[in-house]
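Chains as they are written, first to last, in my numbering: chain E, 1 to 280; chain W, 1001 to 1344.
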Amino acid sequence: MKISWSGKSKTRGFRLPGFGISMGITWLYISIILLLPSAGLFLKASEVSFDEFWKAVFSLRALKSYQISFSLSLLSALVNTIMGFIVAWVLVRYRVPFSGLFDALIDLPFALPTAVAGVSLTWLYGPNGWIGRHLESIGIKVVHTPLGIIIALIFVSFPFAVRTVIPVLKEMDLEVEECARCLGARRWQIFLKIIFPTVFPALLTGFTLSFARALGEYGSVIFISGNQPFKTEIAPLLVAIKLEEYEYTACASIAVFLMTVSLLILIFLNILESFSKGER
Amino acid sequence: MAVIELRNIFKKFGDFVALDDVSFSVDKGELVALLGPSGSGKTTLLRVIAGLERPDSGAVFLEGRDVTEEDPRDRGIGFVFQHYALFKHMTVFENVAFGLRVKPRKVRPSESEIREKVMKLLHLVQLDFLADRYPSQLSGGQRQRVALARALAIEPYILLLDEPFGSLDARVRKELRRWLRRLHDEIQVTSVFVTHDQEEALELADRVVITNQGRVEQIGSPEEVYFNPATPFVFQFLGDVNLFHGRELSSGEIVFIQNETAGIEKKFYVRPNQVSLSLVQSLEHPLQCKVNYINPAGPMVKVEVVDIRGNHILALLTQDDYNRLGLKKNTTVYVGIKEHKVFE
């Protein structure tokens, strides 16, 4: 028996009512909010000659800033993914005192203005700060070094890593682990063969979001990094500096380059993610 | 020798007493049903046998060995969970192979041995054509059978099944029930299954353990528990019941007259198929009633009558008896009792 929901369904298949208008709204909204600003940037950059573009994007100082931005973001996303998993695990699996407070604290970096985060981290890790003082005495400098940048990046992107993993861990059926136990699996085998594969797609999502957030971070880093070219100057800051120096073409060129690379990385990670979810 | 032996098991969850001094044993090759209403402790009992729950006191013996403190992974028991607990990220093949792949390297079978064994098991549960599918692509009955094959892969000497047919629809459930009985006869593994469905327990099991509020009410063969229930609870749990308040005279005669004072007051438990109806009053049919409701659909006709005190009585008649009496709603009938049970 064939059930037809609308008169035309024989040729076009079933469509939920309101498809046209909701699709229209979606495209319009995405265009205004996301595409238009990016297109504007490309338009601005297209006024630049190839030589100028090349010189701006691949200057030594710019190259070094990309390296700093991408490598430190990658590192902080990695740390967050591992630590985020542990924190999420503890919050979901154990009865923790004050777990409500922990839960709220995790979201704090979302709410805190990044500049506030940057200033307080700088105080804390500075030569006279509570933590910085002791680190300094054993020869570890945080402020005005890549280490400081990593700490700031970890701080601002931490919630993503935890928030993506928690729902998956909550949804996990404890019976599945009990079943593996009855079948003779050791703890590490249960973790490796059951828990990790189940959580992996969420970990990857958390990693991607965390990485993307770290790449774009500006406010908290500029306070703690010291912004020395070739050492602690991140790419987003270079864009801002070019703007302040009225080098609009260089600014737009670097911005377009950053956007393209970031987009490519995100697309790659998204593809990886959909693969990891597999046929489930 | 008993394969499973439980001695005085107690288990509490907070203030809730889940198991209250439970003892019983299961012999080799038996298929035993744990039957009881929800919350009666039957699933907890199964988990205690598997080692997933540790009793507060008491001991579990498997093949004469005290395993009370032993981890489930070392007990070698096959456990089929109510909601199957399949590994969603693995194919049917990998699900079944899991128990073999996690074995310590020294005793782990080779890849080709694993392949052969898994396919044999999938053949046994009639699912070999689905080896490469993922659990989400299977029907409920198929998932159930995958779970069973996976449990059997480690060659358990005990198989535990928690509500094995609980989440299947009625027709699949009956099919799978008979299939499981045949499978059990074929592989002869000592099995215990939990159910709240008395029909399932009576049809499938060699012996039935009836639990209520954490205690064992009765243990026996299906015939024993059905025809000789030890307690009112067992009687009521195993089928519909009519309760008659009457008096037994010293002559042995039973009367249901309200103002009668001779003899001893007793409660008479009567199954609906032991109620007989007649159109004329007699010694065998003393109680006057009115027909309240008739449902002739099915092998037996269900007739509900109401006596003058407003008590509802359910009678099951054969289609022949029903046609002979020619009952209609509000017909006056006289109720008699063929067999009854009295609990002292």
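Virtual Cβ for every residue (Gly too), placed ideally from N, Cα, C.
Check each candidate in the options and name the one with the smallest Cα separation from residue i.
{"i": "E1116/W", "options": "D1128/W, K1106/W, G1166/W, R1065/W", "result": "D1128/W"}
{"i": "M172/E", "options": "D1240/W, F1087/W, I1254/W, L1243/W", "result": "F1087/W"}
{"i": "R213/E", "options": "L41/E, S69/E, L43/E, E52/E", "result": "S69/E"}
{"i": "T81/E", "options": "Q228/E, L264/E, I149/E, L153/E", "result": "L153/E"}
{"i": "A45/E", "options": "G20/E, F257/E, G24/E, A115/E", "result": "F257/E"}
{"i": "V1234/W", "options": "F1061/W, F1343/W, D1020/W, G1039/W", "result": "F1343/W"}
{"i": "L243/E", "options": "A56/E, L16/E, S38/E, Y29/E", "result": "A56/E"}
{"i": "R1047/W", "options": "G1064/W, L1160/W, N1212/W, Q1137/W", "result": "L1160/W"}
{"i": "G1036/W", "options": "A1201/W, F1079/W, S1136/W", "result": "A1201/W"}
{"i": "F1016/W", "options": "K1028/W, K1290/W, D1056/W", "result": "D1056/W"}
{"i": "A1315/W", "options": "Y1322/W, R1324/W, E1304/W", "result": "E1304/W"}
{"i": "E1030/W", "options": "E1005/W, R1145/W, G1298/W", "result": "E1005/W"}
{"i": "H1245/W", "options": "E1053/W, G1310/W, R1054/W, V1092/W", "result": "G1310/W"}
{"i": "R163/E", "options": "I21/E, P236/E, L91/E", "result": "L91/E"}
{"i": "S285/E", "options": "Y246/E, A250/E, G126/E, I234/E", "result": "Chain E is shown only over 1 to 280; residue 285/E falls outside these bounds and no answer can be derived."}
{"i": "P1150/W", "options": "M1090/W, R1207/W, S1025/W", "result": "In the sequence as displayed, the identity of residue 1150/W is Arg instead of Pro. Closest by alpha carbon: M1090/W."}
{"i": "V1096/W", "options": "Q1126/W, R1054/W, L1148/W, F1061/W", "result": "L1148/W"}
{"i": "A39/E", "options": "I265/E, I149/E, T260/E", "result": "T260/E"}
{"i": "R1073/W", "options": "L1100/W, A1059/W, Y1084/W, H1184/W", "result": "L1100/W"}
{"i": "L215/E", "options": "I151/E, I190/E, S262/E", "result": "S262/E"}
{"i": "H1196/W", "options": "L1243/W, G1051/W, E1163/W", "result": "E1163/W"}
{"i": "E52/E", "options": "A252/E, N270/E, I267/E", "result": "A252/E"}
{"i": "E1179/W", "options": "N1330/W, I1077/W, Q1144/W, G1039/W", "result": "First, the residue type needs correcting, since residue 1179/W is Trp and not Glu in the sequence shown. For W1179/W, the nearest C-alpha among the options comes from Q1144/W."}
{"i": "F1165/W", "options": "K1328/W, I1154/W, Q1142/W, Y1157/W", "result": "Q1142/W"}
{"i": "Y1269/W", "options": "D1020/W, L1183/W, P1232/W, S1040/W", "result": "P1232/W"}
{"i": "L72/E", "options": "W130/E, H134/E, R181/E, I150/E", "result": "I150/E"}
{"i": "V1032/W", "options": "F1061/W, V1107/W, E1155/W, V1194/W", "result": "V1194/W"}
{"i": "L63/E", "options": "P236/E, I267/E, N270/E", "result": "P236/E"}
{"i": "L1279/W", "options": "E1223/W, N1323/W, V1333/W", "result": "V1333/W"}
{"i": "T1211/W", "options": "G1336/W, S1110/W, N1008/W, L1045/W", "result": "L1045/W"}
{"i": "S1038/W", "options": "Q1198/W, H1312/W, V1092/W, V1225/W", "result": "Q1198/W"}
Taking C-beta pairs closer than 7 Å, name the residues in chain W that residue i reaches, listed in chain order.
{"i": "P197/E", "result": "H1089"}
{"i": "A185/E", "result": "R1073, V1102"}
Could you tell me which residues DSSP puts in a beta bridge with residue i?
{"i": "L1062/W", "result": "I1004/W, R1065/W"}
{"i": "H1215/W", "result": "Strictly speaking, residue 1215/W in this sequence is Arg, with His absent from that position. Answer by DSSP bridge pairing, in chain order: N1212/W."}
{"i": "A1033/W", "result": "F1193/W, V1208/W"}
{"i": "S1139/W", "result": "Looking at the DSSP assignment, S1139/W forms no beta bridge with any residue, so it has no partner."}
{"i": "I1077/W", "result": "I1158/W"}
{"i": "Y1334/W", "result": "S1278/W, Q1288/W"}
{"i": "A1315/W", "result": "V1303/W"}
{"i": "L1019/W", "result": "K1011/W"}
{"i": "V1026/W", "result": "I1004/W"}
{"i": "K1341/W", "result": "Y1269/W"}
{"i": "S1057/W", "result": "F1010/W"}
Strictly below 8 Å CB to CB, what residues from chain W border residue i?
{"i": "D173/E", "result": "H1083, A1085"}
{"i": "I194/E", "result": "F1087"}
Please list, in chain order, the chain E residues whose beta carbon lies closer than 9 Å to that of residue i.
{"i": "I1158/W", "result": "Under the 9 Å cutoff, chain E gives no residues; its nearest Cβ is about 11 Å from I1158/W."}
{"i": "G1141/W", "result": "None at all; the shortest Cβ gap to chain E is about 19 Å."}
Could you tell me which chain E residues have their CB closer than 7 Å to the CB of residue i, listed as they occur along the chain?
{"i": "G1099/W", "result": "L183, G184"}
I want to verify the contact list: residues of chain W whose CB lies under 9 Å from the CB of residue i, in sequence order.
{"i": "E178/E", "result": "R1047, A1050, L1052, P1072, F1079, F1081, A1085"}
{"i": "Q189/E", "result": "R1101, V1102"}
Note down, in chain order, every chain E residue with its Cβ under 8 Å from the Cβ of residue i.
{"i": "I1004/W", "result": "Those within 8 Å of I1004/W in chain E number zero; the least Cβ separation is about 15 Å."}
{"i": "I1154/W", "result": "L183, G184"}
Compare the C-beta of residue i against all C-beta atoms of chain C and say whether one is closer than 8 Å.
{"i": "I82/E", "result": "Of the chains in the structure shown, none is chain C; the protein chains are E and W."}
(message) Quick check: the region 149–168 of chain E against the region 195–210 of chain E, are at least 3 beta-carbon pairs closer than 8 Å?
(response) In this structure the region 195–210 of chain E touches the region 149–168 of chain E; the number of beta carbon pairs closer than 8 Å is three or more.
(message) Restricting to runs no shorter than 3 residues, where is the beta strand (DSSP E) found entirely within the region 1149–1227 of chain W?
(response) Look at the region 1149–1227 of chain W and you find these whole runs of beta strand (DSSP E), each 3 residues long or longer: 1158–1162, 1190–1195, 1207–1212, 1215–1220.
(message) As an exercise, report each continuous beta strand (DSSP E) stretch of at least 3 residues that is fully enclosed by the region 74–103 of chain E, in chain order.
(response) none
(request) Pair every Cβ in the region 1212–1225 of chain W with every Cβ in the region 1063–1073 of chain W, then say whether three or more of these pairs are closer than 8 Å. (result) No: the two stretches stay apart, fewer than three of their Cβ pairs being nearer than 8 Å.
(request) Output the residue ranges of the beta strand (DSSP E) runs that lie fully inside the region 1218–1297 of chain W and measure 3 residues or longer, sorted by chain position. (result) Counting whole runs of 3 or more residues, the region 1218–1297 of chain W contains the beta strand (DSSP E) stretches 1242–1248, 1264–1270, 1275–1278, 1287–1295.
(request) At 4 residues or longer, and completely inside the region 172–216 of chain E: list those alpha helix (DSSP H) runs for me, N to C. (result) The region 172–216 of chain E contains these whole alpha helix (DSSP H) runs: 174–182, 187–190, 196–216.
(request) Count the CB pairs spanning the region 1259–1272 of chain W and the region 1285–1296 of chain W that are closer than 8 Å, and state whether there are at least three. (result) no
(request) Please specify which runs of the alpha helix (DSSP H), each continuous and at least 4 residues long, are wholly inside the region 213–257 of chain E, giving them in chain order. (result) 221–225, 235–244
(message) Does the structure place the region 219–226 of chain E close enough to the region 117–131 of chain E that three or more beta carbon pairs sit under 8 Å?
(response) At 8 Å Cβ cutoff, the stretches touch.
(message) Whether or not the region 1020–1030 of chain W and the region 1183–1201 of chain W are in contact is what I'm after, with contact meaning three or more pairs of Cβ atoms, one per stretch, closer than 8 Å; do they touch?
(response) yes
(request) Could you tell me whether the region 1324–1333 of chain W touches the region 1288–1308 of chain W, where touching means 3 or more Cβ pairs closer than 8 Å? (result) Judged by Cβ distances under 8 Å, the region 1324–1333 of chain W makes contact with the region 1288–1308 of chain W, as three or more pairs qualify.
(request) Would you check if there are 3 or more beta carbon pairs closer than 8 Å linking the region 134–151 of chain E to the region 99–108 of chain E? (result) no
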